[in-house]
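Undergrad:
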Amino acid sequence: MIEIKTKQEIEQMKPAGKFVGSILKDLRAMAKPGVNLLELDDYVKRQIESRRGAESCYVDYAPDFGTGPFRHYICLSVNDAVLHGVPFDYSLRDGDLLSMDLAISVDGWVGDSAISLVVGEHADPEDLRLIKATQDALEAGISQARAGNRLGDISAAVGDVAHENGYSVNVEFGGHGVGHVMHGDPIVPNDGSAHHGFKLRPGLVIAIEPWFMAGTDEIFQDPKDGWTLRSVDGSRGAHSEHTIAITEGDPIILTARDE
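Position one of the sequence shown corresponds to residue 1 (the UniProt record's numbering), numbered consecutively onward.
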């Protein structure tokens, strides 16, 4: 069921979004060569434990698209991994493409956001182009998140940026409604037809999350952990996401990072 929030409820969602945004900003600064993925996961754990009313949306999460409960506090996807990356004993290397996806509940309301970056000093220009495409697609999607538009306007805007940059789009996983739960209705595909779908109304809160891979739109689930989604051809992936609220005017980015 699609939930429409009141103005007061959107105000109540802001602390969760701000908290998620601040942690991702910290993690961006921390993600240096030699830093272990488990260190980043532990940092998120400690931040959640130190914040009154905060709870992880990931620990013990067990949807049908994963294998068993998720046991970590953040999704960390490296290089050919693009979504649902399980943190493991791996030290980041110069040139790695790292995607970080974080969802936290504060006082019962969820904030969900993701960023991608290249670790260290030696970035492959193609990795930077891929990351920028997801960022541009996110901005394009947000620009269409206005009352009176249709859900398909957001999806089409995201997909157009992907296709303009030569990337194909997987629509198996995409954006979604956000509220008291991390994954709610409506589903927000990363490609679609403009002027179609649910009519956007003030009070709708959704996560828009473009994710693209450099050489394919096909993924497989890593059998080693039962969660991490990787490109079938080994090409790299990137992911950008914000939780936004639709209003009578401009959309509100609840997970803004003040960067």
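Glycine included, every Cβ here is placed at the ideal spot set by N, Cα and C.
#1: Going by other Cβ atoms of all chains shown within 10 Å of its Cβ, with 16 needed for buried, is D127 buried or exposed?
#2: Report the CB separation of V181 from V110 in whole angstroms; it is logged as a contact under 8 Å.
#3: Suppose you measure from the CA of R52 to the CA of P15; what does that come to, to the nearest Å?
#4: Flag this pair as touching only if the region 242–254 and the region 217–233 have three or more C-beta atom pairs under 8 Å; answer yes or no.
#5: Express the C-alpha separation of T6 and S99 in angstroms, rounding to a whole number.
#6: Any beta-carbon of chain D closer than 7 Å to the one on R93?
#7: Taking 7 Å as the threshold (C-beta atoms), are G85 and L92 in contact?
#8: Just checking my contact of G197 with G152 at CB under 8 Å: how many whole Å lie between their CB atoms?
#9: What are the boundary residues of the beta strand (DSSP E) that G184 is part of?
#10: Who pairs with W211 in a beta bridge, going by DSSP?
#11: Can you give me the start and stop residues for the beta strand (DSSP E) that E139 sits inside?
#12: Which one of V78, W227, S240 has the shortest CA to CA distance from F70?
#13: If distances are taken between C-alpha atoms only, which option among I48, I74, V205 comes closest to G177?
#14: How is the beta strand (DSSP E) around R230 delimited, first residue to last?
#15: Would F212 and T134 be called neighbours here (beta carbons separated by less than 7 Å)?
#16: Does DSSP put L83 in a helix, a strand or coil?
#17: Using only alpha-carbon positions, find the residue among I253, T255, G95 that is nearest to G34.
#18: Three or more beta-carbon pairs under 8 Å between the region 181–193 and the region 156–170, yes or no?
#19: Taking only three categories from DSSP, how would you classify M30?
#20: Would you say the beta carbon of H242 comes nearer than 6 Å to a heavy atom of the ligand SAM?
#21: In chain order, what residues of the same chain have a beta carbon less than 7 Å from the beta carbon of G174, not counting five sequence neighbours either side?
#22: For the pair the region 16–36 and the region 110–124, tell me if three or more CB-CB distances fall below 8 Å.
#23: Mapping the DSSP letters down to three states, classify E121 as helix, strand or coil.
#24: For D185 and I2, what's the separation of their Cα atoms in angstroms?
#25: So G192 is in the beta strand (DSSP E); what residue range does that whole segment cover?
#26: At the level of alpha carbons, what is the spacing between L37 and P87?
TA: Looking at the atomic coordinates:
#1: Classification for D127: buried.
#2: Confirmed, Cβ separation roughly 7 Å.
#3: Approximately 11 Å, taken between the alpha carbons.
#4: The region 242–254 is not in contact with the region 217–233.
#5: One C-alpha to the other measures close to 32 Å.
#6: The structure shown contains no chain D; it holds only a single protein chain.
#7: Against a cut-off of 7 Å, the Cβ pair of G85 and L92 comes out as no contact.
#8: Right, the Cβ-Cβ distance comes to about 4 Å (below 8 Å), so this counts as a contact.
#9: Run containing G184: 184–188, per the beta strand (DSSP E) assignment.
#10: Residue pairing by DSSP places W211 opposite H239 in a beta bridge.
#11: From DSSP, E139 is part of no beta strand (DSSP E) but of the alpha helix (DSSP H) over 125–143.
#12: Measuring from the Cα of F70, the nearest candidate turns out to be W227.
#13: If you compare the alpha carbons of I48, I74, V205 with that of G177, the shortest gap goes to V205.
#14: For R230, the enclosing beta strand (DSSP E) has its first and last residue at 229–231.
#15: In contact: F212 and T134 (Cβ atoms closer than 7 Å).
#16: DSSP, read as helix, strand or coil, puts L83 in strand.
#17: Distances from the CA of G34 to each of I253, T255, G95 were compared; the closest alpha carbon is that of G95.
#18: Cβ pair count under 8 Å is three or more, so yes.
#19: In the three-state DSSP reduction, M30 falls in the helix class (H, G or I).
#20: Only the bare structure without any ligand can be found here, which leaves the ligand SAM out of the picture.
#21: Only residues of its own chain outside the window of five on either side were considered, and among them I187, V188, P189, N190, E209 have a CB closer than 7 Å to the CB of G174, listed in chain order.
#22: Yes: the two stretches touch, three or more of their Cβ pairs being nearer than 8 Å.
#23: Coil.
#24: If you draw a straight line from the Cα of D185 to the Cα of I2, it is about 5 Å long.
#25: Where G192 is concerned, there is no enclosing beta strand (DSSP E), given that its DSSP letter is neither H nor E.
#26: Between L37 and P87, the C-alpha separation is close to 6 Å.
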